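Heads up: the structure comes next, in structure tokens.
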Amino acid sequence: MKRFIIIFICAIFIIGCVSHNLRSYKPLVKNEKSITVPPGGLMLIGAIKDVLQKNNWVLYVDKAQTVHKGEINPSVNVTSKEVFKTRYRLNIKFQQYDVCIPGGRDNPALFYDIAITDNNDDAEVMSLSGQGCQRHIVEKFEEWLNSK
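Here it is as structure tokens:
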């Protein structure tokens, strides 16, 4: 009985530590699979880039160019806009707070926020945020990616 109570408490603790908030705002254009990604491959960044590549996305690591438009006259009116080579842009923020079992260092527990933006109209396509094990986060992201 004592063993059952310990297992029950551990299960409640583990379940209480996981949350995934997925918000899908607009569909992806499936024949335009190009995305600007952050440089590097640290933890969640590398794992999400691997999923995108596995699903035939073209990844670009680049800085947006700024385009200025306007006229030179007595009342100068110049506007600026960032221009990307890709249809979509990936933004990822995360912070490790622990490790998940099983997995240890290969499966960190993270607070995270992932967003995909459409570069054509600057509209957010989706956001996925919360806390949990990296493997589950990546599974949720890939599940969303393949559901569209």
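Under the working numbering, the sequence shown has 202 at position 55, and the numbering climbs by one with no breaks.
Yeah, the Cβ is synthetic: ideal placement off N, Cα and C, and Gly gets one too.
For clarity, every value in this text was computed on a predicted model and none was experimentally measured.
Under a 10 Å Cβ-count criterion, alanine 256 is classified as buried, with 16 or more other Cβ atoms of the shown protein chains found around its own Cβ. Per DSSP, threonine 233 has no beta-bridge partner at all. As a beta-bridge residue in DSSP terms, arginine 170 pairs with Ser274.
Here valine 246 carries a strand assignment [DSSP, helix/strand/coil].
Residue pairing from DSSP leaves asparagine 293 without any beta-bridge partner.
The beta carbon of isoleucine 261 sits closer than 6 Å to those of Ile239, Leu275, all from its chain and outside the five residues before and after it, given in chain order. Here DSSP, grouped into helix, strand and coil, assigns valine 205 to strand. Considering only Ala194, Val246, Val205, Arg252, the residue with the shortest C-alpha distance to lysine 287 is Ala194. For asparagine 293, the closest alpha carbon among the candidates Asp253, Val223, Leu199 is that of Leu199. In the displayed model, glycine 193 falls within a helix according to three-state DSSP.
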